[in-house]
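*Asks:*
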Amino acid sequence: MTIQLGNITTVVASTPEAAREILLSKDEVCSSRPVPDAVTALKHHDMAILWIPPNVTWQTHRKVLRMYLTSQHKLDTLKNVRETVVEEMLDYIRVCARKKTAVDIGMMGFAFSLNQLAKTFFSQNMTSYEPEDIRRFQEVVETAMEMMGKLNIVDMFPVLKPFDPQNVRRRAKEAFVCLEEMVEASLNERVKHRDSNLPRFDDVLDSMLDYSEENEDEFSLKHIKTLLMEVLVAGTDTIASSTTWIMSELLLNPHMLLKVREEVSHIVGEDGTIEEAKTLELPYLHAVIKETLRLHAGSPLLAPHITQTEVQIGNYVVPKNTRLVVNAWAVARDERYWENPRVFMPERFLKNKVDFKGQHFEFIPFGSGRRKCPGMPLAERMLSLIVASFVYHFDWDANEEVNMDDKFGLALLKATPLVVTPQVVNK
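1051 is the number that this note's numbering gives the last residue of the sequence shown; the numbers go up by one with no jumps.
1) Tell me the rounded alpha-carbon separation between residue 631 and residue 947.
2) Taking DSSP as the reference, what is the three-state secondary structure of residue 951?
3) What does a CB cutoff of less than 7 Å around residue 671 pick up in its chain, not counting 5 residues either side in sequence?
4) What are the residues that DSSP puts in a beta bridge with residue 1018?
5) Count the other CB atoms, across all protein chains shown, that sit within 10 Å of the CB of residue 770; report buried if there are 16 or more and exposed otherwise.
6) Where are the beta strand (DSSP E) runs, 3 residues long or more, that stay fully inside the region 903-979, in chain order?
7) What does DSSP give as the partner residues of residue 627 in its beta bridges?
8) As a quick exercise: from 676, 776, 725 and 696, pick the residue whose alpha carbon is nearest that of residue 904.
9) Quick one, which of 929, 779, 729 and 878 has its alpha-carbon nearest residue 675's?
10) Quick one: what does DSSP say residue 752 is sitting in, helix, strand or coil?
11) Could you give the DSSP three-state label for residue 656: helix, strand or coil?
12) Skipping 5 residues on each side, what residues in its chain have a beta carbon closer than 8 Å to that of residue 798?
13) Could you check which residue in 641, 838 and 724 has the C-alpha nearest to that of residue 1048?
14) At a cut of 8 Å, does the region 918-927 reach the region 988-998 through at least three beta carbon pairs?
15) What does DSSP give as the partner residue(s) for residue 777 in the beta ladder?
16) Using the rule of at least 16 other Cβ atoms within 10 Å of the residue's Cβ for burial, across every protein chain shown, is residue 890 buried or exposed?
17) Whose CA, out of 721, 868 and 844, lies closest to the CA of residue 730?
18) Where does residue 938 land, buried or exposed, given buried means 16+ other C-beta within 10 angstroms?
19) Who are the near neighbours of residue 969 in its chain, counting only those whose CB is closer than 7 Å to its CB and skipping five residues on each side?
20) Any idea which residues DSSP pairs residue 1030 with across the strands?
21) So residue 884 is in the alpha helix (DSSP H); what residue range does that whole segment cover?
22) To which residues of the same chain is residue 998 closer than 8 Å at the C-beta, ignoring the five residues directly before and after it?
23) I need the DSSP call for residue 898, collapsed to helix, strand or coil.
24) Just the C-alpha distance for residue 705 and residue 1006, rounded to the nearest angstrom, thanks.
25) Considering only the alpha carbon of each residue, which of 1004, 772 and 752 lies closest to residue 664?
26) For the region 1022-1038 and the region 743-753, state whether three or more C-beta atom pairs, one from each stretch, are separated by less than 8 Å.
27) Output the boundary residues of the alpha helix (DSSP H) element that contains residue 806.
28) Does DSSP classify residue 728 as helix, strand or coil?
29) Is it a yes or a no for the region 881-901 touching the region 1006-1015, going by three-plus beta-carbon pairs under 8 Å?
30) In the DSSP output, which residue or residues are listed as bridge partners for residue 688?
31) At the level of alpha carbons, what is the spacing between residue 958 and residue 965?
32) Does the distance from the CB of residue 935 to the CB of residue 942 come in under 7 Å?
33) Who are the Cβ neighbours of residue 780 in its own chain at under 7 Å, not counting the five residues just before and after it?
34) Below 7 Å CB to CB, which residues in the same chain sit around residue 961 once its five sequence neighbours on both sides are set aside?
35) Take residue 974 as the anchor and find which of 995, 886 and 906 has the nearest alpha-carbon.
36) Would the beta-carbon of residue 1003 fall within 7 Å of that of residue 792?
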């Protein structure tokens, strides 16, 4: 489908076959991105891994993420951080259960992901689990995501850029400035600490700074700051949203929740703790996660691409400088690949070997090819651990029917939060 939006020609790919061509077989000429006006409000947007073309800076940032955060070895090394943070969150929820106080599942997912990333990078938490503390950071992240995904008339008619008629750039800048101040404070504090010859933390930030000192031309403090901001935004918003959708589907299907709990019970230690590595071996839990991501993809429309030359996609010749948008939402509902595609059926993933790692183009919530989300391996572990913990340790009283309406943006969010009252499960 071709859409003309002002000065912009956009081709929307809504089939697995078209997605494969754009993301994999023709990705050499389709892998650059158009930069939304909102993104230009980020001080160093020309270093932002999501938006820059696959140049040297992009390659360096991907390499650094892989070396220090998302490789199999680093994920295994850092699992204790995630297990510690999830126990801190569970302690807070147990207090809420005793007080019969409701909790917002999305907020818990956000705080868990923020704190585990903060401990991984900075060796400290960035928030408590109290709603007012979480909201301070969450509102900034949600604003940044909303503005980057908003349909902005300036992107269609660049002549309007000086006027910013929808206040998109202004609001994006306010959010980016808040994020930058938070990250910069932690970064400057660490640099000062290192300059004072104090003991190392030996966390990811120390590793990044070591790499920067050896490769300052290609990876300066500005690169570190921009990369940290991107990871904190993408890593928190996606986990919060996905956790909310997964728990919503399980509360609507209590027999499935009990099935997940039964499966998790076989891997729990004598002290009641859940090891992250063992959650990766639970087929039904992962079927639930996959089915939720199929129906409620974090990004229903993948971040746009732009053609660098004229290219043939399917039977069509697409001109240079055409925007390409892969409709992951529609692809995951293609009736040629999915039986009853609008029905929540985790069992379908027990019968097939389809996964979300980018080789099955009927299911690409994290994208595919060279622009695939680099945080996918970490997201898989985080979701497995938090959902297993929620389901095993607590019953959840929704008090009213769970509303499954959504709101569209760069991320697909629930229109209303999932606020539920926890009850500790007697084992």
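Every residue, glycine too, gets a C-beta built ideally from N, C-alpha and C.
*Replies:* Checking against the coordinates, here is how it stands:
1) Position 7 of the sequence shown holds residue 631. Position 323 of the sequence shown holds residue 947. Here the C-alpha atom of residue 631 lies approximately 11 Å from the C-alpha atom of residue 947.
2) As a working note, residue 951 is residue 327 in the sequence shown. Under the three-state reduction of DSSP output, residue 951 falls in the strand class.
3) As a position in the sequence shown, residue 671 is number 47, starting the count at 1. 681, 846, 847 and 850, listed in sequence order.
4) As a first step, residue 1018 must be located in the sequence shown, where it is residue number 394. According to DSSP, which records beta bridges pairwise, residue 1018 is partnered with 1048.
5) Taking the sequence shown and counting its residues from 1, the one referred to as residue 770 is at position 146. Buried, by the Cβ-count rule.
6) List check, beta strand (DSSP E) in window: 935-937, 940-942 and 947-950.
7) Sequence index remark: in the sequence shown, residue 627 carries index 3 (1-based). According to DSSP, residue 627 bridges with 634.
8) Position 280 of the sequence shown, counted from the first residue, corresponds to residue 904. Here the closest residue by C-alpha is 696.
9) Position 51 of the sequence shown holds residue 675. Cα-wise, what sits closest to residue 675 is 929.
10) The residue given as residue 752 occupies position 128 in the sequence shown. Three-state result, residue 752: coil.
11) Residue numbering aside, residue 656 sits at position 32 when the sequence shown is read from its first letter. Residue 656 falls in the strand class under three-state DSSP.
12) Stepping through the sequence shown from its first residue, residue 798 is reached at position 174. The beta carbon of residue 798 is closer than 8 Å to those of 767 in its chain, skipping five residues each way along the sequence.
13) Within the sequence shown, residue 1048 is the residue found at index 424, counting from 1. Minimum Cα distance to residue 1048 is reached at 724.
14) Cβ pair count under 8 Å is three or more, so yes.
15) Working through the sequence shown from its first residue, we reach residue 777 at position 153. Beta-bridge pairing links residue 777 to no other residue.
16) Walking along the sequence shown from the start, residue 890 turns up at place 266. The residue is exposed, with fewer than 16 neighbouring Cβ atoms inside 10 Å.
17) Here residue 730 refers to the residue found at position 106 of the sequence shown. Comparing alpha-carbon positions, the option among 721, 868 and 844 lying closest to residue 730 turns out to be 868.
18) Within the sequence shown, numbered from 1, the residue matching residue 938 stands at position 314. Exposed, by the Cβ-count rule.
19) As a first step, residue 969 must be located in the sequence shown, where it is residue number 345. Cβ neighbours of residue 969 beyond the five flanking positions: 915.
20) Position 406 of the sequence shown, counted from the start, is the residue given in the question as residue 1030. In DSSP, residue 1030 forms a bridge with 1038.
21) Numbered from 1 along the sequence shown, position 260 holds the residue referred to as residue 884. Counting along the chain, residue 884 sits inside the alpha helix (DSSP H) bounded by residues 878-889.
22) The residue labelled residue 998 in the question sits at position 374 within the sequence shown. Cβ within range, chain order: 673, 686, 689, 690 and 694.
23) For the purposes of this step, residue 898 is taken as residue 274 along the sequence shown, with counting starting at 1. Residue 898 sits in a strand when the DSSP states are folded into three classes.
24) For the purposes of this step, residue 705 is taken as the residue at position 81 of the sequence shown. For the purposes of this step, residue 1006 is taken as the residue at position 382 of the sequence shown. Approximately 11 Å between the Cα atoms of the pair.
25) In the sequence shown, counting from the first residue as 1, residue 664 sits at position 40. The shortest C-alpha separation from residue 664 is found at 772.
26) Short answer: they don't touch.
27) Translated into positions along the sequence shown, residue 806 becomes position 182. Per DSSP, the unbroken alpha helix (DSSP H) holding residue 806 starts and ends at 792-819.
28) Looking up residue 728 in the sequence shown gives position 104. Three-state DSSP puts residue 728 in a strand.
29) In short, these stretches touch, since the Cβ pair count reaches three.
30) The residue you call residue 688 lines up with position 64 of the sequence shown. Note: residue 688 is not bridge-paired with any residue in the DSSP secondary-structure output.
31) Along the sequence shown, read from residue 1 onward, the residue named residue 958 stands at position 334. Along the sequence shown, read from residue 1 onward, the residue named residue 965 stands at position 341. Using only the alpha carbons, I get a separation of about 7 Å.
32) Indexing the sequence shown from 1 puts residue 935 at position 311. Indexing the sequence shown from 1 puts residue 942 at position 318. When the beta-carbon positions are compared, residue 935 and residue 942 come within less than 7 Å of each other.
33) Position 156 of the sequence shown, counting from 1, holds the residue named residue 780. 629, 630, 631 and 632.
34) For the purposes of this step, residue 961 is taken as residue 337 along the sequence shown, with counting starting at 1. Correct list, in chain order: 640 and 986.
35) Counted from its first residue, the sequence shown places residue 974 at position 350. If we check each option's Cα against that of residue 974, 906 comes out closest.
36) Numbered from its first residue, the sequence shown carries residue 1003 at position 379. Numbered from its first residue, the sequence shown carries residue 792 at position 168. In terms of Cβ geometry, residue 1003 and residue 792 do not form a close pair [threshold 7 Å].
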